[in-house]
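Chain order of the listed sequences is A and B.
Heads up: the first sequence runs through residues 1 to 253, numbered per UniProt numbering.
Heads up: the second sequence runs through residues 1 to 423, numbered per UniProt numbering.
Please read the structure below before turning to the comments.
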Amino acid sequence: MKVLVGVKRVVDYAVKVRVRPDKKGVITDNVQHSMNPFDEIALEEAVKLKEAKKAKEIVAVSFGPAKAQETLRTALAKGADKAIHIEVDAKTAEKLEPFHVAKALAKIAKDDNYDAVFVGKQAIDDDANQTGQLIAGFLNWPQATFASKVEVDGKALKVTREIDGGLDTVKVNLPAVLSADLRLNEPRYATLPNIMKAKKKPLEKKTPKDLGIDLTSQTEVLEVSEPPARTGGEFVEDVNALLAKLREKGAIP
Amino acid sequence: MHLLKSSIHRFNTFLVAKSKLLPPTSHSTRSSHNYAESFYATDDNEYDLFIETARKFVLDEVVPKAGHYDETGEYPWELVRKAHELGLMNTDTPEEYGGLELPLPTKARLYEEFGYGCTGLGTSLMVNELAQIPLRLAGSTYLRDKYIRKMTESPILASYAVTEANAGSDLANLKTRAELRMGHFVLNGSKVWITNGGIADWFFVLARTDFQMNAPRSTAFSGFIVDASTAGITVGKKEQNMGQRCSDTRTIHFDNVIVPLENVVGEPGDGFKLAMRSFDRTRPIVAAMACGLSRRALDAATTYATQRKTFGRPLTDHQGISFKLANMAMNLELSRLAMTKAATIVEENGKDAAYFSSIAKCFAADTAVRAASDAIQVFGGNGFNKEYPVEKLLRDAKLLQIYGGTSEIQKLVVSRRLVARYV
Numbered sequence: 001m002k003v004l005v006g007v008k009r010v011v012d013y014a015v016k017v018r019v020r021p022d023k024k025g026v027i028t029d030n031v032q033h034s035m036n037p038f039d040e041i042a043l044e045e046a047v048k049l050k051e052a053k054k055a056k057e058i059v060a061v062s063f064g065p066a067k068a069q070e071t072l073r074t075a076l077a078k079g080a081d082k083a084i085h086i087e088v089d090a091k092t093a094e095k096l097e098p099f100h101v102a103k104a105l106a107k108i109a110k111d112d113n114y115d116a117v118f119v120g121k122q123a124i125d126d127d128a129n130q131t132g133q134l135i136a137g138f139l140n141w142p143q144a145t146f147a148s149k150v151e152v153d154g155k156a157l158k159v160t161r162e163i164d165g166g167l168d169t170v171k172v173n174l175p176a177v178l179s180a181d182l183r184l185n186e187p188r189y190a191t192l193p194n195i196m197k198a199k200k201k202p203l204e205k206k207t208p209k210d211l212g213i214d215l216t217s218q219t220e221v222l223e224v225s226e227p228p229a230r231t232g233g234e235f236v237e238d239v240n241a242l243l244a245k246l247r248e249k250g251a252i253p
Numbered sequence: 001m002h003l004l005k006s007s008i009h010r011f012n013t014f015l016v017a018k019s020k021l022l023p024p025t026s027h028s029t030r031s032s033h034n035y036a037e038s039f040y041a042t043d044d045n046e047y048d049l050f051i052e053t054a055r056k057f058v059l060d061e062v063v064p065k066a067g068h069y070d071e072t073g074e075y076p077w078e079l080v081r082k083a084h085e086l087g088l089m090n091t092d093t094p095e096e097y098g099g100l101e102l103p104l105p106t107k108a109r110l111y112e113e114f115g116y117g118c119t120g121l122g123t124s125l126m127v128n129e130l131a132q133i134p135l136r137l138a139g140s141t142y143l144r145d146k147y148i149r150k151m152t153e154s155p156i157l158a159s160y161a162v163t164e165a166n167a168g169s170d171l172a173n174l175k176t177r178a179e180l181r182m183g184h185f186v187l188n189g190s191k192v193w194i195t196n197g198g199i200a201d202w203f204f205v206l207a208r209t210d211f212q213m214n215a216p217r218s219t220a221f222s223g224f225i226v227d228a229s230t231a232g233i234t235v236g237k238k239e240q241n242m243g244q245r246c247s248d249t250r251t252i253h254f255d256n257v258i259v260p261l262e263n264v265v266g267e268p269g270d271g272f273k274l275a276m277r278s279f280d281r282t283r284p285i286v287a288a289m290a291c292g293l294s295r296r297a298l299d300a301a302t303t304y305a306t307q308r309k310t311f312g313r314p315l316t317d318h319q320g321i322s323f324k325l326a327n328m329a330m331n332l333e334l335s336r337l338a339m340t341k342a343a344t345i346v347e348e349n350g351k352d353a354a355y356f357s358s359i360a361k362c363f364a365a366d367t368a369v370r371a372a373s374d375a376i377q378v379f380g381g382n383g384f385n386k387e388y389p390v391e392k393l394l395r396d397a398k399l400l401q402i403y404g405g406t407s408e409i410q411k412l413v414v415s416r417r418l419v420a421r422y423v
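Printed below as a string of structure tokens:
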């Protein structure tokens, strides 16, 4: 099985993001970035399949600015065999949408005969939760999203998905798209020896033009603003007073 | 006391009880990221990935458990095993023995992360590598193969047995003897304050081999590698120290311990020079750990000061507090620069290596003690209490001014070299 893993460089989850003065986004200059946590989980699952001899080759891919290369090196250090960087300049990168990323990944998956595409369920910067689904749509492949358990079943994947109602188990025939959810696995550390070995692994560069991707924006960001500041609560005397207050605020009928 | 308890409750969102000193993912611990890393990087390609792994290991594994090991004094085997697994130990060991041969500045940067988590653990790992330095400098192929290779293969530790009760700063006063008898050496004497003493697989031992009166110290001592399992070695009790309490420190007695001829490091008589050259390589490491501790003190104190309110405003609004934080930040930046410079010069075998590594070690250690003390002051009454992380930092920091050459010895090194330029 040949697996393509999409990884995205995002603002680190522990950073306190601040809105840009022009209100079109958040401040990303001089801010700590790292691999999207759900992508780390997707990569870990692919590497585990390789270690279990169920997958033969794991290729990490990232569509982004020059610095996305760092994320790809991390992916190589964590077990990917090869990396592909679809590079764009910083300004273009800011306007990339799941639609464009999905087109690019779908093209690579089809042209190079991948058996599966693994991605994180969503990126923690835009929380779009679209890329995996769009890839499946473009390729007309089955999809298993919000995966919390994956088993290889012949030429198919048996996937347990976390949904609102509980757990949903599906069987998808390969080739298929999978999006990883939080509890799928615990990503490994990049050990120092593996970081050094990653230096020798191939990193291929592509452009959107090479893949025939049209980068016309489908959406326009009108405004990004901070959530309203939290106001203090108050203590009430008893349950009746509490119910009255909640009704007053429209929280209960 | 009652008032203190209620303020403890107010801050338990970010200051978690006893064994968890700071939540590993708290903003404070990640905010110290932004230190213009590329300025310090030696090799863009991997440097940041190495530091990322070390940082993650420290935040996720060390920080939550450091308080526990400090309290019980147990040796943190699980942390050592994990560090070994991740390739964080023996980082500058030559590649032929399974090491990564990282340059000293990169290695020192890793030790800054260890120092951030727990200098007790950092010291144990540092001494393990210190013991290997004489072998790398002058050990025979036989010794290097036998004693260095196994360090990268499994999480075992080595120890550096040089200091004695009457020979710390005045190392040449040491009394342990190694006498040549019947084709081997016989070791007799006692060593004190030996880190990893109770858990080491082998020791590097410095002993006197020339017993003539007025034998110059540059030729009177020899270095030996001694297996810990050799008959005649007695290990004393684990010392109860003020800080770095998880580190295993003991007295080691050698009673007619037989050491084969091939276990001499270099030539007989080379010992003192080897010991001094080894310290050159560790002074930047101690400086780095001091930077890590200072950074931890700064992170803890700044986070606290932004959240705690007095007189209706956060502590940071009061310059008495914010200026303390500024001083800590300034000294941290200076310590880091001095440490990086020293590590770079030592790595390049520059002729002023001792001068710069003494400056770095002394400055970083002295300012770390001050930073820890100031951090406690920022925390106020809470800082004096074991449920908060800063009192441990002061207890740990003090040793940085003493071991690896006291601050006084560092000043001696610097002043002598300084004066020599003017005479």
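Every residue gets a Cβ at the ideal spot worked out from N, C-alpha and C, and that includes glycine.
This structure is a prediction, so every number in the text was calculated from the model and none was measured.
Segment contact: the stretch 193-213 of chain B against the stretch 234-248 of chain B, three or more CB-CB distances shorter than 8 Å; contact assigned. Here A66 (chain A) carries a coil assignment [DSSP, helix/strand/coil]. Listed in chain order, the positions of the stretch 67-99 of chain A with a beta carbon within less than 8 Å of a beta carbon of chain B are E70, R73, T74, A77. With contacts defined by Cβ atoms closer than 8 Å, L187 (chain B) and A207 (chain B) form a contacting pair. When secondary structure is reduced to three states using DSSP, I148 (chain B) falls in the coil class, being assigned neither helix nor strand.
Nearest to V63 (chain B) by alpha-carbon distance, out of B:E153, B:L79, B:T93, B:T176, is B:L79.
In the three-state reduction of the DSSP assignment, Q377 (chain B) falls in the helix class, which pools H, G and I. With respect to the C-alpha of V264 (chain B), the residue from B:L143, B:E113, B:R55 having the closest C-alpha is B:L143. Contact annotation for D48 (chain B) against chain A: E70 [CB-CB distance below 8 Å, chain order]. Under the 10 Å beta carbon count, N185 (chain A) is surrounded by 16 or more other beta carbons and is classified as buried.
Classified as exposed, Y422 (chain B) has fewer than 16 neighbouring CB atoms from the shown chains inside 10 Å of its CB. Per DSSP, V413 (chain B) is not a residue of any beta strand (DSSP E); the alpha helix (DSSP H) it occupies stretches across 407-422.
Cβ neighbours of E95 (chain B) within its own chain (closer than 6 Å, five residues either side excluded): E101.
Under the DSSP definition of a beta bridge, M330 (chain B) lacks any partner. DSSP, reduced to helix, strand and coil, places G223 (chain B) within a strand of the structure shown.
Spanning the alpha carbons of V47 (chain A) and P21 (chain A) requires a straight line of approximately 41 Å. Under the Cβ distance rule, K56 (chain B) counts among the residues neighbouring chain A, one pair being separated by less than 8 Å.
Residue-level contact by beta carbon holds for M196 (chain A) and chain B, with a gap shorter than 8 Å. When CB distances to chain A are screened at a threshold of 8 Å, the residues of the stretch 67-94 of chain B falling below it are E85, L86, G87, L88, T91, in chain order. With contacts defined as CB atoms closer than 8 Å, Y69 (chain B) and C246 (chain B) qualify as a contacting pair. Taking a cut-off of 8 Å for Cβ pairs, the stretch 373-382 of chain B and the stretch 337-348 of chain B do not touch, as fewer than three such pairs fall below it. Under the Cβ criterion of 8 Å, T310 (chain B) is not counted among the residues facing chain A.
For T234 (chain B), the closest Cβ of chain A is not nearer than 8 Å. H318 (chain B) carries a coil assignment under DSSP once its states are collapsed to helix, strand and coil. Runs of the alpha helix (DSSP H) lying entirely within the stretch 147-226 of chain A and spanning at least 4 residues, in chain order: 192-198.
By the criterion of a C-beta distance shorter than 6 Å, R417 (chain B) is surrounded in its chain by Y355, once the five residues flanking it on both sides are discounted. No Cβ-Cβ contact shorter than 8 Å links A167 (chain B) with F203 (chain B).
Pairing E45 (chain A) with V119 (chain A) gives a Cβ-Cβ distance that is not under 8 Å. Taking C-beta separations shorter than 6 Å and ignoring five residues to either side along the sequence, the partners of V390 (chain B) in its chain run A300, A375, I376, F379, G383, following chain order. With contact defined as three or more Cβ pairs closer than 8 Å, the stretch 152-170 of chain A and the stretch 51-67 of chain B are not in contact. The shortest C-alpha to C-alpha distance from D255 (chain B) to any of B:I233, B:G404, B:S140, B:G243 is the one to B:I233.
Judged by beta-carbon spacing, S225 (chain A) lies within the 8 Å limit of K23 (chain A), meaning their Cβ atoms are closer than that value. Proximity of T141 (chain B) to chain A, defined by a Cβ-Cβ separation below 8 Å, is not satisfied. Look at L298 (chain B): its C-beta is not under 8 Å from any C-beta on chain A. In this structure the stretch 99-106 of chain A touches the stretch 125-139 of chain A; the number of beta carbon pairs closer than 8 Å is three or more.
Put simply, the CB of L325 (chain B) is far from chain A, with every gap to its CB atoms at 8 Å or more.
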